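*Asks:* Sending over a structure as structure tokens; questions will come in a sec.
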Amino acid sequence: MKLALLLFFALSTIFCSLEAVRYHPRRGLAAAAAGRHRKLKYHDEGEAFVVLVSGSNGWYNYRHQADVAHAYHTLRNHGIPEENIITLMYDDIANNQLNPYKGKLFNRPHGKDLYKGLKIDYKGSSVTPENFLNILQGNASAIDGGNGRVLETNENDRIFIYFTDHGSVGMISFPDGILTVKQLNDALISLHKNKKYQQLVFYLEACESGSMFESVLRDDMDIYAITAANGHESSWGTFCENDMNLPCLGDLFSVNWMTDSDGEDLTTETLEFQYELVKKETNLSHVLQFGDKDIAKEAVALFQGDKEDREYTEDYELAASQSTNWPARDIELNHLTSMLKKTNDYGAANKLELKIQKIKETRRAIKRNVHMIVEKMFDGESEDLISRVLTQTRPVLDLRCHHITVNLFKKYCIDFNRYEYAMKYVKVLNNMCLHRRVEEIILALPDICLDVNIEDEVSEQMGYFF
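Residue numbers for the sequence shown follow numbering that gives the first Met the number 0, beginning at 0 and rising by one.
See the structure below:
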């Protein structure tokens, strides 16, 4: 009987601890960390350097810039010097005409203003994949715009990269460009070859973000990566239905890792501990880890700062995972639909209905054209093969073919930066590389796409409704 009672109380204690993490992330995580009692031993030579990137622009992508602003303050509060952080952000949200809180950014409802004190090194048109890669590699002479800052690191230093934006199979986006898995992998190999770091940690928030490392990132380059999603699923926005009348305020994975870091003494927490905890809290996608998993045994402090944070100590009654969360590609559509349901203004309702209908027609046009492109590219092939090209999701195995094909598609078919929803179909382009030589794709794709004009198709369809 006594044994049964002891077992009952032990299980109850464990359950209550898990519930604390679930419903009160910062307090629960801080309490869990307190149980470790000791600081981890780690090498103190070298410094920590950070690159933060928000790869999007536009009002409905509010969350990406809020994420990066939050990350900046989290790292500064933990002691990373301002001069060791390089931030890329388009910077069109805080002072956007649609922002009811001018000059402010929030990453959770009624949280701290994160725009205050934020230092941005690259804004507007200088937020490019080329600048990002040159910053990582310390190539100051190739920088175009911004303040020209690049990483000046050596083999004793550690690098922490946090990137948040839209993504797809083997690709992440910038405001006016794209970065493929080949480009990123080539840059990481170059950094390793040129001894630009002791260890490098990469946190990536994007749809299908796992595809940027799966079957690609080697485990012998002292690089450890964590992604918000696997290679074939969406990442999720969080705090999407809020009483501030703002779009989704953050991304679920991002808010979770920063909520953890905000409340922790990071010298007592390992990367593995943070990964497991954030994996549990990010309950709508599969958080994954890649690369050298031995690095996960290191203290988070090595990459995010070793000062115990006493500045960001708010207690939150609502965990991100318990808020309203939406798939990243549906955020604009869902936000407009939510606004339509709430408005009593007839004129505003008409404008919202028009925007919603245009989004839906654009999606239909993109899908029709992708199917047309595949059918022409594989003319004469079996229906089964065409179906597999259109539907299957695989890791990127031919990096060169993938890189060339997605760039050809962007240039001649559908521009990902103009039509973000088209990123959903990059898996189709990856599948093309399994069944056609890249030389065939180079010859065929521009001609096939001569008749693709999404804007004209949408305008024609919209004419039937209005």
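By construction, the Cβ of each residue, glycine as well, lies at the ideal position given by its N, Cα and C atoms. Just so we're clear, the structure is a prediction, and the values are computed from it rather than from any experiment.
1. Is the beta carbon of residue 68 sitting closer than 9 Å to the one on residue 121?
2. Can you give the beta carbon distance from residue 288 to residue 298, rounded, assuming they're within the 8 Å contact cut?
3. Taking 9 Å as the threshold (C-beta atoms), are residue 182 and residue 132 in contact?
4. How would you call residue 381, buried or exposed, if buried means at least 16 neighbouring beta carbons within 10 angstroms?
5. Quick one: what's got a C-beta closer than 6 Å to residue 421's C-beta in the same chain, skipping five residues either side?
6. Which of helix, strand or coil does DSSP assign to residue 250?
7. Quick one: which unbroken beta strand (DSSP E) runs of 3-plus residues sit fully inside the stretch 122-189? Chain order, please.
8. Using 8 Å as the threshold, is the stretch 392-412 in touch with the stretch 167-180, meaning 3 or more CB pairs across them?
9. Between the alpha carbons of residue 138 and residue 125, how many angstroms are there, rounded?
10. Going by DSSP in three states, residue 289 sits in which element: helix, strand or coil?
11. Would you call the CB atoms of residue 112 and residue 127 closer than 9 Å?
12. Alpha carbon to alpha carbon, how far is residue 285 from residue 231?
13. Could you please give the first and the last residue of the uninterrupted alpha helix (DSSP H) stretch that includes residue 466?
14. Going by DSSP, what residue range makes up the alpha helix (DSSP H) through residue 236?
15. Quick one: is residue 304 buried, meaning 16 or more other Cβ sit within 10 Å of its Cβ, or exposed?
16. Can you list the alpha helix (DSSP H) stretches of 4 or more residues lying completely in the stretch 385-412, in chain order?
17. Tell me the DSSP secondary structure of residue 439 in three-state form.
18. List in chain order: all unbroken beta strand (DSSP E) runs of 3+ residues lying wholly within the stretch 293-345.
19. What is the DSSP secondary structure of residue 207, counted as helix, strand or coil?
20. Is the separation between the beta-carbon of residue 248 and that of residue 65 shorter than 9 Å?
21. Exposed or buried, residue 459, counting other C-beta atoms within 10 Å across all chains shown (16 or more means buried)?
22. Hey, quick one: how far does the beta strand (DSSP E) through residue 84 stretch, first residue to last?
23. What is the DSSP secondary structure of residue 104, counted as helix, strand or coil?
24. Using beta-carbon positions only, say whether residue 225 and residue 203 come within less than 9 Å of one another.
25. For residue 45, tell me which candidate among 319, 151, 94 has the shortest Cα-Cα distance.
26. Counting only the same chain and skipping the five closest in sequence on each side, list residues whose C-beta sits under 6 Å from that of residue 254.
27. Could you check if residue 317 is buried or exposed, using at least 16 other CB atoms within 10 Å of its CB as the buried criterion?
*Replies:* Considering the structure as presented:
1. no
2. Going by Cβ atoms, the distance from residue 288 to residue 298 rounds to 16 Å, so no, they are not a contact pair.
3. Result yes, Cβ atoms of residue 132 and residue 182 sit closer than 9 Å.
4. exposed
5. 365, 413, 415
6. In this structure, residue 250 counts as strand in the three-state DSSP scheme.
7. 157-163, 170-173, 176-179
8. yes
9. 15 Å
10. strand
11. no
12. Linking residue 285 to residue 231 through their CA atoms gives a straight-line distance of about 10 Å.
13. Because the chain in this structure spans residues 0 to 465, residue 466 falls outside the shown range and cannot be described.
14. Here residue 236 belongs to no alpha helix (DSSP H); instead the beta strand (DSSP E) covers 235-237.
15. buried
16. Every alpha helix (DSSP H) of 4 residues or more that sits fully in the stretch 385-412 is shown, in chain order, as 398-407.
17. helix
18. none
19. coil
20. yes
21. exposed
22. 84-87
23. Reduced to three states, the DSSP call for residue 104 is coil.
24. Going by C-beta atoms, residue 225 is nearer than 9 Å to residue 203.
25. 151
26. 237, 319
27. Classification for residue 317: exposed.
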